[in-house]
Structure formats: C-alpha cells, structure tokens
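All remarks here apply to the structure that follows.
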Amino acid sequence: MPDRMPSRPPGSEAAADTGSAAAGGPGPRERSRPGRFGRWRRRTRVARVLSVGTTVLAAALLLAALLLPDQRDRLTPSAFLRLPAEAVLLTALPLTLPRWARRVAAVVTGLLVGLLALLKCLDMVFHTVLFRPFDPVLDWGLLENAADYVRDTSGRTAELLAVAGAVLLAVAVPALTTASALRVTSLTARHRGRAVRASLALGTAWITCVTLGLRGGGEPLAAAVDADLLGARVPQVRASLADARLFRRLAAHDAFAHTPPDRLLTGLRGKDVLFTFVESYGRSAVEDPALAPRIGTVLKESTGALRAAGFTARSGWLRSPVTGGGSWLAHSTFLSGLWISNQQRFRTLTSSDRATLTGSFRRTGAWRTVGIVPGVRGAWPEGGFFGLDHVYDAAHLGYRGPGFGWSQVPDQYTLEAFRRREFGRRGRGPLMAEIVLTSSHHPWAPVPRPVGWTELGDGSVFHRVEREGKDEKEVWRSARSVRAEYRGAVEYALRSLFGFLLRYGDDRTVLVFLGDHQPVPVVTAGSPRRDVPVTVVARDPEVLERISGWGWTAGLKPAADAPVWAMDTFRDRFLTAYGP
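FYI, in the numbering used here the residues of the sequence shown are 14 to 593.
See below:
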C-alpha cells in the first residue's frame with residue numbers, strides 16, 4: 014500500500030463543490046448563511062432591546078422632569094408616584110397633528126419641559142437659601158453672587174467646577190427632554206391604535222383621581238405641577254417687569270432731600286455714632302427655643318454689665334426685605350429709607366442721588382464718616398453713594414490671620430482695627446461709622462472664639478483658634494449641628510460688640526446695632542418671619558429720651574410684643590427723632 018493517499022487533481026475541490034450544488038446540496042455560500050443569519054437575528058434582538066430601553070428611559074425622563082418639585086423638602090419618592098396632566102396631553106396631542114406639525118410640537122414641548130425643570134431646580138436653591146422662589150426677571154444677578162460665595166468659601170477651582178456644572182446642566186437638560194419628547198412622539202405615531210387606547214386610559218385615570226380626591230404620600234395622585242408653576246409665575250413676571258416704574262415713583266418722594274444741613278441730626282452733635290450690622294442676627298436667634306436660651310443669656314448678662322458702666326439701651330424689631338441672604342439689600346434699605354428687595358432696585362438706588370442715613374451725617378460737615386466692611390474684597394464704588402469719607406475693606410484692616418468660612422476677618426479683630434485706625438485716634442472730631450460684622454455669616458464653619466483684646470496683634474493668634482474649630486462638612490451633617498454653630502457664631506459676634514463698647518465706649522458713644530436678615534431656613538426651621546432686632550445704646554440719657562415715644566423695650570433684647578417696623582421706615586424716624 015502506498016504510504017499516503019494520492020493528492021486530488023487541481024480543480025477537483027471546486028468541481029466537487031459545483032457538483033454538490035448541482036445535486037441540490039449546499040455550496041460554500043449556502044453553508045455560511047445560517048451563521049450570518051443567526052448573527053443578524055442576535056443583532057436585531059439587541060437593537061430591539063436597546064430601542065425599547067431608550068424609549069422607556071425617554072418616557073421616564075419626561076415624567077421625572079414633569080413631576081420634579083420646586084422645593085427640596087418636597088423631593089420625596091411619593092412626589093414621583095403621580096400622574097401629571099401634562100403627560101396625558103403629551104401622549105394625546107401628537108395623534109391629532111400631521112407629521113411636520115407633530116415634530117415641531119415635540120421640539121417645543123421638550124424644550125419647555127426642560128426649561129421648566131431648570132426653573133424648578135433654581136427654585137429649590139432659592140427656597141433653601143432665601144426662602145422664596147427664583148425671580149426669572151430680577152434674580153439673574155444673584156447667580157454671580159453665588160459664584161463669588163463658592164470662590165470665597167471653597168476656592169477658585171470649586172467656583173470654576175460649579176460654573177461648568179451649571180452650564181452643562183443648563184444645556185443638557187433641555188437637550189435631553191427635547192430628544193425624549195421626539196422619541197415618545199415618534200412611538201405614539203407608529204403605534205397609533207395603542208396610543209389612542211393609552212391616552213383614553215390615562216385621561217380617565219387622571220379625571221378619576223381628581224374627582225375622588227385620591228392622594229398618596231400626602232400628595233394628590235393627579236398632578237399639574239408645571240401648569241401650576243406657570244400659573245404662579247405669570248403674575249410674578251408681570252409685577253417684576255413693572256417694578257422699575259414703581260420704584261422710580263417711590264424714590265421720587267424724599268422727605269429729607271432738601272433739609273438744610275444745619276437742621277440735620279442736631280440731637281447727636283458731638284457724639285460718635287456707630288451703625289453696626291450683625292450678620293444673620295434675626296428674630297429666631299432670640300426666640301427659637303433651640304437658640305434663645307444661650308443667646309438670651311449673653312443679652313441679659315451684657316445688659317447688666319452695660320448698665321453698671323452707665324449705658325442704657327432700648328430695643329425693637331425691624332422687618333427686613335430679605336431672609337437667608339442678600340445683606341447688601343437690607344443695608345441699603347435701612348440707610349436709604351426705600352424698600353430694596355432686589356438687585357435691580359439696588360442698582361437704581363446706588364446710581365441716584367438719594368439721601369442716605371450715613372450720607373446725612375456727611376452733609377452736616379460735623380462728622381467724619383467711615384465704613385468698616387471686611388466682607389468687601391475688591392472695588393466698592395457704592396461707598397461714595399452711602400456718604401462715606403473713607404472705607405476700610407478686608408485688604409485695609411491689617412489682618413494676617415486665617416479666614417473663617419466666608420468671613421475673612423473675625424469680628425473682634427474688625428472692631429479692634431476700627432479703634433486703631435479711627436476710634437482711638439487722639440484729637441479727632443466726632444465720628445460716624447458703618448460697621449459690618451461678618452463672623453455670623455453662613456456657613457458658620459469654623460466659628461471664631463474670643464481672645465484677649467491685648468492678644469489680637471495682627472490677627473495671627475486666630476490661626477490657633479481656626480485649627481480648633483469645625484470644618485464645613487462636619488457642621489453641615491445635620492440641621493442640629495448647623496443650628497448649634499450658628500448660635501455660637503451669633504454669641505461670638507455679640508460678645509465682641511459688647512466687649513468693645515465696655516472697653517472703649519464713653520459718654521460720647523452712641524451705638525445702633527441690628528441684624529440684617531434672618532439666617533437660612535435650616536436654622537429658622539422654615540419660619541416665614543423676617544424680623545430682626547434693633548437696639549440703641551448710649552450713656553447720655555438725652556439720646557434715649559428722644560426715642561421714648563417709640564415704644565421699644567428697655568435693654569438689649571426686644572420683647573415679643575415690641576413694635577415691628579418695616580426696615581425702610583427707620584431712616585425717617587431716626588432723622589426726625591434727632592432733628593431740631
């Protein structure tokens with residue numbers, strides 16, 4: 014036998030394959046088709062699954078955007094277990110339109126749903142911080158202030174990341190909701206019969222829930238979140254658009270615009286008058302059961318100490334135009350006698366020639382007027398408008414210590430720097446100062462503590478104090494912790510102020526101190542009250558005798574039933590009381 018099989022002649026394999034094909038057997042191409050057909054079926058199955066999954070995600074995204082609440086405390090699972098009326102309309106409307114109109118309607122609807130979702134996100138932030146919704150006409154300038162706050166508390170990198178994230182969100186949300194609306198609309202058009210039945214079922218379910226008043230998790234099962242939001246926004250937008258005209262009319266009336274300088278503030282001639290704002294010192298600080306006992310102790314003890322030093326005090330309430338933030342709006346309301354509740358009014362005010370409380374002191378020529386504003390870290394042209402001869406901002410107080418959250422200069426050092434540069438100067442004349450104390454500014458992490466007045470130096474002593482404090486993450490783990498640190502910050506601010514007055518005040522000193530606004534809602538437990546304490550302290554009994562008719566409470570703590578005035582009325586009352 015041969016040792017191997019003979020080789021097949023050339024072409025024999027092709028011939029054999031051809032013969033097989035001719036005989037009805039599969040050739041090489043036919044034998045490969047089942048494999049390719051199987052892969053095609055697998056690809057088709059995967060594509061179908063992806064298509065269904067994409068459609069489900071699109072519908073879920075639209076539903077979530079429609080049901081998204083506008084307040085963070087309403088952001089619960091039950092909020093998304095409802096049937097929005099807008100979803101019923103989104104399902105039914107494409108069935109009544111031709112193809113081209115259907116696509117246009119889908120794009121418009123998707124964009125609108127996305128923009129409303131962004132508006133609700135802004136509302137959540139504003140409700141959390143300012144206890145009010147976002148104003149789409151007047152509040153855009155506050156977004157820049159928010160970016161500045163992130164930079165001041167967390168650094169430039171955090172600010173850039175926050176801005177980039179906000180821009181990405183603003184672009185991505187409308188894009189995704191528009192794509193989702195197109196996807197869902199296309200599906201309903203392809204499956205018209207099923208879409209009609211689904212629309213009828215959803216509409217019937219929605220009407221039934223409304224008729225029977227069915228609720229789940231405390232919320233109505235039938236919702237119209239975006240429709241309600243738009244309904245509430247229309248009058249707000251209309252009022253905001255008309256606000257500029259209204260404010261111009263209000264600002265045109267100024268009872269003291271033409272008062273001769275020699276008839277202004279005659280009852281305070283020769284006095285040093287210190288208008289001092291205590292950041293976030295609101296009514297909750299002296300009345301909330303979780304805050305008031307310790308802060309009340311500080312006020313009671315300091316009332317006794319000041320009385321022993323010859324000082325007397327009277328206290329009342331002012332209603333601030335803001336809550337949670339916007340200190341500059343409260344400051345300008347107090348000083349101008351106009352209700353400054355938004356950035357548009359602030360810009361209009363500071364570009365006018367309105368007479369301010371501080372500017373009135375300057376007009377008399379009897380006082381040197383200065384501003385101590387450690388929260389200002391750059392140019393502040395508004396200082397001239399408020400009638401200040403000289404402004405000491407954060408860079409001009411000589412502080413070399415660490416920052417404390419947003420507050421860069423501890424209150425005790427701020428007051429000591431004021432004494433060194435102005436109050437304690439030999440041979441000076443009467444002084445009027447606007448002083449802003451910032452240690453009780455959000456986020457209250459870390460909170461400074463008092464040190465000996467002789468130890469203050471250039472502020473380096475506060476490095477040790479800062480290391481002993483808590484960081485922001487630790488403080489903001491719970492509402493209880495936030496409230497405790499806020500309480501400690503207000504205690505520190507008040508002790509610093511009263512310590513300064515006891516140490517350096519004399520017969521010429523008149524102190525007017527007040528809060529600018531209530532703290533954020535997590536501290537006030539959602540209280541809608543905007544009241545802040547206001548107090549006048551002096552040794553000269555004639556100073557307080559002039560305001561005896563105000564009905565204020567004796568001491569540093571206003572009684573619960575003490576008068577509550579709108580903050581914009583203080584300027585005229587004060588100028589009247591201390592006029593001729």
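Just so it is clear, CB atoms sit at the ideal spot from N, CA and C, and this is done for glycine as well.
For Leu-312, the enclosing alpha helix (DSSP H) stretches over residues 305 to 321. Assignment of alpha helix (DSSP H) within the stretch 66 to 113, counting only whole runs of 4 or more residues, yields 98 to 105 in chain order. Here Ser-64 is exposed, its C-beta having fewer than 16 other C-beta atoms within 10 Å. Where Thr-191 is concerned, the enclosing alpha helix (DSSP H) starts and stops at 169 to 203.
In terms of CA proximity to Gly-309, Leu-569 leads the group Ser-354, Leu-569, Glu-292 and Trp-578. DSSP places Ala-211 within a helical segment (H, G or I) once states are collapsed to three.
For Arg-228, the pairing in a beta bridge is given by DSSP as Pro-233. Annotation for Ser-540: no alpha helix (DSSP H) segment contains it, and DSSP assigns it neither H nor E.
Restricting attention to Trp-393, Arg-434, Arg-439 and Leu-444, the CA atom closest to the CA of Trp-380 is found in Leu-444. Between the stretch 364 to 380 and the stretch 331 to 338 there are fewer than three C-beta pairs closer than 8 Å, too few to call the two in contact. One alpha carbon belongs to Ser-354, the other to Val-545, and they sit about 16 Å apart. Rounded to whole angstroms, the Cβ separation of Ala-502 and Trp-457 is 5 Å, and the two are in contact under 8 Å. Pro-554 sits away from Tyr-505, with the two beta carbons spaced by 8 Å or more. Under the DSSP definition of a beta bridge, Gly-329 partners with Val-547. In the DSSP assignment, Leu-401 falls outside any alpha helix (DSSP H) and carries neither an H nor an E. Judged by DSSP secondary structure, Leu-348 falls within the alpha helix (DSSP H) whose first and last residues are 340 to 349. Val-449 and Phe-290 do touch by the CB rule: their CB atoms are close to 5 Å apart, below 8 Å. Annotated as proximal: Val-404 and Val-386, with beta-carbon spacing under 8 Å. Around the beta carbon of Ser-193, 16 or more other beta carbons lie within 10 angstroms, which makes this residue buried. Boundaries of the alpha helix (DSSP H) around Ala-497: 492 to 517. Just measuring C-alpha positions, the residue of His-455, Arg-367 and Pro-82 sitting nearest Gly-339 is His-455. The three-state secondary structure of Ser-420, taken from DSSP, is strand.
Taking every protein chain shown into account, the CB of Val-59 has fewer than 16 other CB atoms within 10 angstroms, so this residue is exposed.
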